[in-house]
Amino acid sequence: MNLSPPPHPVGLFPQFVKHKQPVSLCVRERKTLSNDFSITNIDTDAVVLNVCGPKCGPQERKEFSDANGNLLFTLLKEPYNIKDTFEVQDSNGKKLFCIDSSSLIRIKLTATYTNPMIQKDETIVLKGTFGQRKATITCGEAVIGRISRDIVDSKSILLDTRAYALNVAPNVDFALLAAFTVALDAKYDDGSFSEFITDVLEQDAP
């Protein structure tokens, strides 16, 4: 993966920043009405996070819980919102930060929040593609994560589900980067572009 640790621990949840080596996760869609996700460690197949959405209602809502079922935060996207923004709330419903998105040929997600481990604001930026759904995540000049669709296995084919490989640098909050991965998938589901057309445009883009 060739991901080096950033100059300081990055993220919101210290319990997910303790790894001293890069971590590889599988973010897999579960075939449910609310498009839930299971997030597992690729090396051990252990579940590290679960993502559940509402069974009905117009609001796009994803609740992120740890392996023991403890709610960590919720990712919200209001329908018909002119500003294409995801809001992240803590387990008590308090706003933590927003993920702002912009897209034309390529997609960009940006979030600024206060890092409790250094008591300073920091900004994470995801830049990726619609059709291939690949992305690089940075904090300042440091590359802290990569997302790809490299996982194509019998489970994905049999269940007709999507699965992403999320590679996370050491000392980086993998729960936070998982939220960016789910937001990227939500942007794809918006249906702004067909996968075929965007693949062509991306090949021609500088």
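The sequence shown runs contiguously to residue 732 in the working numbering. We treat Cβ as the ideally placed atom computed from N, Cα and C, and that holds for glycine. Quantities reported herein were computed from a predicted structural model and do not represent experimental measurements.
With a threshold of 16 other CB atoms inside 10 Å of the CB of Ala-701, please say whether the residue is buried or exposed. Position 175 of the sequence shown, counted from the first residue, corresponds to residue 701. By the neighbour-count rule (16 or more Cβ atoms within 10 Å), Ala-701 is buried.
How would you write the range of the beta strand (DSSP E) that Asp-610 sits in, first residue to last? If you number the sequence shown from 1, residue 610 lands on position 84. Taken as a continuous stretch (DSSP letters only), Asp-610 belongs to no beta strand (DSSP E), as it is neither H nor E.
Integer-rounded CB distance, given that Leu-710 should sit under 8 Å from Ala-661: As a first step, residue 661 must be located in the sequence shown, where it is residue number 135. As a first step, residue 710 must be located in the sequence shown, where it is residue number 184. Ala-661 to Leu-710, Cβ: 6 Å. Contact.
Collapsed DSSP secondary structure at Ala-572 in the structure displayed: Counting from 1 along the sequence shown, the entry for residue 572 is found at position 46. Three-state DSSP puts Ala-572 in coil, outside helix and strand.
Residues sharing a beta bridge with Phe-542, DSSP: Stepping through the sequence shown from its first residue, residue 542 is reached at position 16. In the DSSP output, where bridge partners are listed per residue, Phe-542 has none listed.
Taking the straight line between their C-alpha atoms, what separation do you get for Ala-689 and Arg-554? Along the sequence shown, read from residue 1 onward, the residue named residue 689 stands at position 163. Along the sequence shown, read from residue 1 onward, the residue named residue 554 stands at position 28. Approximately 4 Å, taken between the alpha carbons.
Less than 8 Å between the C-beta atoms of Pro-532 and Val-698, yes or no? The sequence position of residue 532 within the sequence shown is 6, counting from 1. The sequence position of residue 698 within the sequence shown is 172, counting from 1. In this structure, Val-698 lies closer than 8 Å to Pro-532 by Cβ.
Taking 8 Å as the cut-off, decide whether the C-beta atoms of Glu-471 and Val-536 are in contact. Since the first residue shown for the chain is 527 and the last is 732, residue 471 is missing from the structure and cannot be characterised.
Contact under 8 Å by Cβ, Leu-598 with Ser-617: Here the question's residue 598 lines up with position 72 in the sequence shown. Here the question's residue 617 lines up with position 91 in the sequence shown. Their beta carbons are under 8 Å apart, which means Leu-598 touches Ser-617 by this criterion.
I need the straight-line Cα distance from Asn-567 to Phe-539, nearest angstrom please. Counting from one through the sequence shown, the residue named residue 567 turns up at place 41. Counting from one through the sequence shown, the residue named residue 539 turns up at place 13. Each residue's alpha carbon lies about 18 Å from the other.
Run the CB neighbour count on Asn-596, radius 10 Å, all protein chains shown included, and call it buried at 16 or more, exposed below. The residue given as residue 596 occupies position 70 in the sequence shown. Label assigned to Asn-596: exposed.
Sequence-distant residues of the same chain with beta carbon closer than 6 Å to Cys-624, five excluded per side: In the sequence shown, residue 624 corresponds to position 98, counting from 1. Excluding sequence neighbours, Cys-624 sits near Thr-611 and Glu-613.
Mapping DSSP to helix, strand and coil, what is Asp-647? Start at 1 with the first residue of the sequence shown, and residue 647 comes out as number 121. Three-state DSSP puts Asp-647 in a strand.
Classify Ala-741: buried if its beta carbon has 16 or more other beta carbons within 10 angstroms, exposed otherwise. The chain is shown from 527 up to 732; residue 741 falls before or after that span and cannot be answered.
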